Every structure is written in structure tokens, then in C-alpha cells.
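Chain order of the listed sequences is A and B. If you use the numbering used here, the first sequence corresponds to residues 1 to 113, in order. If you use the numbering used here, the second sequence corresponds to residues 114 to 228, in order.
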Amino acid sequence: GQNIDQPTEMTATEGAIVQINCTYQTSGFNGLFWYQQHAGEAPTFLSYNVLDGLEEKGRFSSFLSRSKGYSYLLLKELQMKDSASYLCAVRETGPHAGNMLTFGGGTRLMVKP
Amino acid sequence: GAGVSQSPSNKVTEKGKDVELRCDPISGHTALYWYRQRLGQGLEFLIYFQGNSAPDKSGLPSDRFSAERTGESVSTLTIQRTQQEDSAVYLCASSLVPGINQPQHFGDGTRLSIL
């Protein structure tokens, strides 16, 4: 089984940088995903980490430390449209794992002018 | 279509009725997933289909829930004798193959309201 924790809500200012943390406990780690979900819409894929380190994609970066069971999503040059929920999801190993993900509760980010 | 398609987009029904939700995955995607998302909460895994293998039903909350998928095409999620606690958004996702870095692509969901 898995336990995934992330803050419920965060607030940041337009143009600033925000870091959304995710900690997890799993019996067999096999990758971590970040998704963005605007209210009333489907989650959309942002990033994937399976090895330790930082993955950068434009304004968004994601970091993973497997030994610490820790990841963060870093959003730079915040825009109003970045206001959304950010979902951390972990895939574990095992015969039935396949690509099955366990999601955290999501972090609701509000970007203010 | 280009993305995962779900129908209906909204469903309102009376407690005790049966409902059937439909998901059309992206063409060629062998893996298909159903999730439930209650208001303000994260995604709760329900069931996973991969090709012709037996589905992983470990997330289904009760025997009132069932799902089927024919080959690598459409899937239906059926909820029998609905309860108010079943009210949620039901999301379907598909992925190309259960490869190590293949993301899941989500549909817009079906918003189910049980009166």
C-alpha cells in the first residue's frame, strides 16, 4: 500500500516562484507523476520522475529523492492561469501494478495578482 | 477522437437506480483506468484493464460496482442500486502501454449526482 501527502492549499503571487511538496511511502517505488487539474476539468500530465534529480520543462520543474520519499513541483514566473490543483501520483512495482497510480489529495494553488 | 471521451458528462439519478458510464479511450491505448473523485478530494483508483488480461478490480468499493471492457476499446462502469455516497466525478484514463514513463490521459469525467 501507499501513503501520499501533499499540502491541501497554497497561495502565491503572480510572477513569483512556488514549490509544492509531496512525500510518499511505498513498498516498491516505480515512478512519480505530477498532474495539473483546473476546476471542473480533467487532470493533465505535467511531469514524470523515476530517477533522483531535477527534470525541467519550461516554467515547471519536478524533483525527486527516492531515499527520502520526497518530490516537489516548482513553478516559476507564476501566471494567473496556474491557479489549479496539482496532483502527485506514485506508481509502485508488483505483478498488478502495471501503470496503476495512487494519487495524493492534491494541492489547490491560488495565484493572486 | 484525439482524446479520451466519456459520456454522459453529467448524470442525475434517484437513489436506488442503476447507472452506466461510458469511456472511449484513445485509439491504440491498451491500458484503461477508472477513478472516482469526490468533491475537493484526490483521485481514488477503481479498476484497471490491460489488453486481454484479467482486470485489476482491487479498487472497487463494493459489489454494486462493476466494469467491462471489450478488447482494447470502449469500457463501461456500472453502479447498481446507487447510494448518495456514490455522488462524485468518475474519471477514465488510458495510456499507450503500461510502460515505465507513459502518462495516463484523462477524459473530462462524468459528474454523477444521486438524489
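We put the CB at the ideal spot given by N, CA and C, even for glycine. Keep in mind that this is a model prediction, so the values were computed, not measured.
{"query": "Run the CB neighbour count on Gln19(A), radius 10 Å, all protein chains shown included, and call it buried at 16 or more, exposed below.", "result": "exposed"}
{"query": "Under 6 Å Cβ to Cβ from Ser166(B), same chain only, skipping five residues before and after it: list those, please.", "result": "none"}
{"query": "Determine the closest residue to Ala114(A) out of Trp34(A), Asp52(A), Asn30(A) and Asp5(A), with distance taken between C-alpha atoms.", "result": "What the structure shows of chain A is the stretch from 1 to 113, and residue 114(A) is not part of that stretch, so it cannot be assessed."}
{"query": "Compute the distance between the beta-carbons of Tyr70(A) and Thr26(A), then report whether it is under 7 Å.", "result": "no"}
{"query": "Along the chain, where does the beta strand (DSSP E) that runs through Lys124(B) open and close?", "result": "Asn123 to Thr126"}
{"query": "Does the distance from the CB of Gly106(A) to the CB of Gly155(B) come in under 7 Å?", "result": "yes"}
{"query": "Is it right to say Arg194(B) is buried, meaning 16 or more other beta carbons lie within 10 angstroms of its own, or is it exposed?", "result": "exposed"}
{"query": "Look up Asp137(B) in the DSSP assignment and say whether it is helix, strand or coil.", "result": "strand"}
{"query": "Using C-beta distances below 8 Å, list every residue in its chain close to Thr126(B), excluding the 5 sequence neighbours before and after it, in chain order.", "result": "Val132, Thr195, Leu225, Ser226, Ile227 and Leu228"}
{"query": "Compute the beta-carbon to beta-carbon distance between Glu9(A) and Val111(A), rounded to the nearest angstrom, for a pair I have assumed lies under 8 Å.", "result": "With a Cβ gap of about 12 Å, Glu9(A) and Val111(A) do not count as contacting."}
{"query": "How many Å lie between Arg151(B) and Ser67(A) at the Cα?", "result": "32 Å"}
{"query": "Residues of the segment 124 to 137 of chain B in Cβ contact with chain A at a cutoff of 8 Å, in chain order, please.", "result": "none"}
{"query": "Decide if Pro113(A) is buried, meaning its Cβ has at least 16 other Cβ atoms within 10 Å, or exposed.", "result": "exposed"}
{"query": "Who are the near neighbours of Lys76(A) in its chain, counting only those whose CB is closer than 7 Å to its CB and skipping five residues on each side?", "result": "Ile17 and Arg59"}
{"query": "For Leu73(A), list the residues DSSP reports as bridge partners.", "result": "Ile20(A) and Ser62(A)"}
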